[in-house]
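At position 139 of the sequence shown the residue is numbered 140 (the working numbering), and the sequence of numbers has no breaks.
Even glycine gets a Cβ: it sits at the ideal position worked out from N, Cα and C.
These figures come from a predicted structure and were not determined experimentally.
Worksheet for the structure shown next.
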Amino acid sequence: MSTLLEPFTYGYMTNAMWVSALVGGVCAFLSSYLMLKGWSLIGDALSHSVVPGVAGAYILGLPFALGAFISGGLAAAAMLFLSDRSGLKVDAIIGIIFTSFFGLGLFMASVNPMAVSIQTITMGNILAITPEDTLQLALIGFVSLAILLLKWKDLMVVFFDESHARSIGLRPGLLKAVFFMLLSACVVAAMQTVGAFLVIAMVVTPGATAYLLCDRFSRLILTSVAIGTITSFVGAYVSYFLDGATGGIIVVLQTLIFLCVFVWSPKHGLLAARRKAAQALQTEVAQ
């Protein structure tokens, strides 16, 4: 028993577990809306778009998180602008923004070699965060969570039907801008947890898993947040015993849960679909 409780005796492990759980929960909250709108790859684009911000922050002597947030915000604003004005499909816009920002970041990093390891940016290192980083991540998480809890219904209406949202007095443009600001902030937070390459899992997998389990959006949000929070906490906890990358373990746990749900979900799982197909075939034969 004492061995199982050992991670809680170390301050850095306690911080890692609770901060991972908070960041995982907020990212999962946002993933519900990305699934609803079909914008899953936007999280991937934003996670790679923070690289020039990190490089620019190093050049200017600013905090890396600030540079990453500004860069992610600019990428999100560019995606919104192009989607509203260009008439291009979302996947094309994501591809343009993703490659442009990531290419710029690699160029800046090559001409101004950074003291911070590229591996730290791409893979994350939640176990090595400082008390200042912990406070920053907690602040991002709690502020984002508070705004989402306050505006979740308005965001739901906007993501379902923008025309209806306008007819009842909501401002879709402003609400989408707020959503992308929160997404950018949480991508920056998750980048320190699982790294830029695995952020996409944090903002897609919980929502995708909950989508297979729930038919009502409110339940989808609760289920998604529960999955994101628990897997992030358990992943950080298990990483102590496995001596492995915390971000990788968190993503593996979320993927395993998704695969189990994909197969055994009562309504939308693979086995349920086969059962329905067999019943339909039997009905046709009986007729």
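Can you check whether the CB of residue j is closer than 9 Å to the CB of residue i?
{"i": "residue 22", "j": "residue 233", "result": "yes"}
{"i": "residue 149", "j": "residue 183", "result": "yes"}
{"i": "residue 206", "j": "residue 125", "result": "no"}
{"i": "residue 159", "j": "residue 106", "result": "no"}
{"i": "residue 229", "j": "residue 30", "result": "yes"}
{"i": "residue 46", "j": "residue 78", "result": "no"}
{"i": "residue 34", "j": "residue 208", "result": "yes"}
{"i": "residue 135", "j": "residue 51", "result": "no"}
{"i": "residue 250", "j": "residue 237", "result": "yes"}
{"i": "residue 204", "j": "residue 32", "result": "yes"}
{"i": "residue 48", "j": "residue 201", "result": "yes"}
{"i": "residue 70", "j": "residue 185", "result": "yes"}
{"i": "residue 109", "j": "residue 60", "result": "yes"}
Buried or exposed for residue i, going by 16 or more other Cβ atoms inside 10 Å?
{"i": "residue 2", "result": "exposed"}
{"i": "residue 16", "result": "buried"}
{"i": "residue 177", "result": "buried"}
{"i": "residue 53", "result": "buried"}
{"i": "residue 66", "result": "buried"}
{"i": "residue 11", "result": "exposed"}
{"i": "residue 111", "result": "exposed"}
{"i": "residue 127", "result": "buried"}
{"i": "residue 280", "result": "exposed"}
{"i": "residue 215", "result": "buried"}
{"i": "residue 165", "result": "exposed"}
{"i": "residue 211", "result": "buried"}
{"i": "residue 169", "result": "exposed"}
{"i": "residue 104", "result": "exposed"}
{"i": "residue 245", "result": "exposed"}
{"i": "residue 58", "result": "buried"}
Hey, how far is the Cα of residue i from the Cα of residue j?
{"i": "residue 218", "j": "residue 27", "result": "16 Å"}
{"i": "residue 95", "j": "residue 130", "result": "31 Å"}
{"i": "residue 5", "j": "residue 239", "result": "10 Å"}
{"i": "residue 132", "j": "residue 144", "result": "18 Å"}
{"i": "residue 272", "j": "residue 199", "result": "29 Å"}
{"i": "residue 174", "j": "residue 87", "result": "16 Å"}
{"i": "residue 291", "j": "residue 147", "result": "Residue 291 is absent from the structure shown; the chain starts at 2 and stops at 288."}
{"i": "residue 98", "j": "residue 179", "result": "19 Å"}
{"i": "residue 24", "j": "residue 286", "result": "52 Å"}
{"i": "residue 36", "j": "residue 213", "result": "11 Å"}
{"i": "residue 84", "j": "residue 92", "result": "10 Å"}
{"i": "residue 241", "j": "residue 137", "result": "23 Å"}
{"i": "residue 181", "j": "residue 74", "result": "7 Å"}
{"i": "residue 196", "j": "residue 274", "result": "36 Å"}
{"i": "residue 167", "j": "residue 14", "result": "47 Å"}
{"i": "residue 252", "j": "residue 270", "result": "21 Å"}
{"i": "residue 156", "j": "residue 261", "result": "30 Å"}
{"i": "residue 161", "j": "residue 243", "result": "42 Å"}
{"i": "residue 220", "j": "residue 266", "result": "15 Å"}
{"i": "residue 290", "j": "residue 7", "result": "Here the chain has residues from 2 to 288 only, and residue 290 is not among them."}
{"i": "residue 172", "j": "residue 227", "result": "30 Å"}
{"i": "residue 139", "j": "residue 276", "result": "45 Å"}
{"i": "residue 231", "j": "residue 247", "result": "14 Å"}
{"i": "residue 278", "j": "residue 268", "result": "13 Å"}
{"i": "residue 90", "j": "residue 153", "result": "26 Å"}
{"i": "residue 80", "j": "residue 163", "result": "17 Å"}
Any heavy atom of the ligand SAM closer than 8 Å to the beta-carbon of residue i?
{"i": "residue 231", "result": "This structure simply doesn't include the ligand SAM, nor any ligand for that matter."}
For this session: Would you list, in sequence order, the uninterrupted alpha helix (DSSP H) runs of no fewer than 4 residues that lie entirely inside the stretch 31 to 59?
Result: 41 to 50
Exercise. Is the stretch 250 to 258 close to the stretch 35 to 43, with three or more CB pairs under 8 Å?
Worked result: As far as the Cβ criterion goes, the stretch 250 to 258 does not touch the stretch 35 to 43, which means the pair count is below three.
For this session: Please confirm if the stretch 188 to 202 is in contact with the stretch 62 to 77, defined as three or more CB-CB distances below 8 Å between the two stretches.
Result: yes
For this session: Would you mind listing the alpha helix (DSSP H) stretches within the stretch 173 to 255 that are 4+ residues and don't spill past its ends, in chain order?
Result: 173 to 195, 200 to 203, 206 to 214, 218 to 243
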